[in-house]
Structures are given as C-alpha cells and as structure tokens.
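> Residue numbers (our numbering): 451 to 537.
Glycine residues also receive a C-beta, built at the ideal position from the N, C-alpha and C atoms.
Quick one: the structure is below, questions incoming.
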C-alpha cells in the first residue's frame, strides 16, 4: 500500500505543482516524471488487484475529470504521505 500511495500521490503532486514552475524546461521535465509515476501507479494497481483481489482502478475513469488524473495541492500531498514519514 505504501508504494501505491506514494506513486498515486506523486502523479497528482506533479499536476498540482504546475503553477509553481517558473520555466517551461522544468515543466517539461516534471511532465515526463509525472507520466512515469502514472505508469508505475497503473502497474502497482494491477498487481494489487491480481495478487490480493483488490478492485483498484488502474487509470482514472472516463467519468472522473474526463479520464485525467487530478492535481493535488501541496498540503494534501503532505497529508497523504505523512503517515509513512518517520523522523
């Protein structure tokens, strides 16, 4: 569950950070990373579904934001991953 949460949150985090990128070059790099995070999320969801009989969607459904991942703001990113952070 940690890996799935981290990857899924990473997808939304990159989308939510778009407004903070000052240069197009940084945005292009972030877009490439976001795409990789999305593929990781899909594979992990598929594995969890197959091995543990979960019912996780491997991609956003067409009725949710037209099938596009949702951006997540920084505060919600921290809330999602904070249970996994040990200081």
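Between residue 492 and residue 521, what straight-line distance do the alpha-carbon atoms span, to the nearest angstrom?
Each residue's Cα considered, the two are about 17 Å apart.
> Distance check for residue 523 and residue 462, CA to CA, integer angstroms please.
Each residue's alpha carbon lies about 8 Å from the other.
> By the three-class DSSP mapping on this structure, what secondary structure does residue 537 have?
It is coil, neither helix nor strand.
> If we count the other Cβ atoms within 10 Å of its Cβ and call it buried at 16 or more, is residue 473 buried or exposed?
Exposed, by the Cβ-count rule.
> As a quick exercise: from 517, 515, 533 and 457, pick the residue whose alpha carbon is nearest that of residue 483.
Here the closest residue by C-alpha is 457.
> For residue 493, which three-state DSSP category applies?
In this structure, residue 493 counts as helix in the three-state DSSP scheme.
> Could you round the C-beta distance between residue 396 and residue 517 to whole angstroms and report it? I think they count as a contact, below 8 Å.
Beyond the ends of the chain as shown, which are 451 and 537, falls residue 396; an answer cannot be given.
> Going along the chain, which residues of its own chain have a beta-carbon closer than 8 Å to the beta-carbon of residue 527, five neighbours each way excluded?
459, 462, 463 and 466, listed in sequence order.
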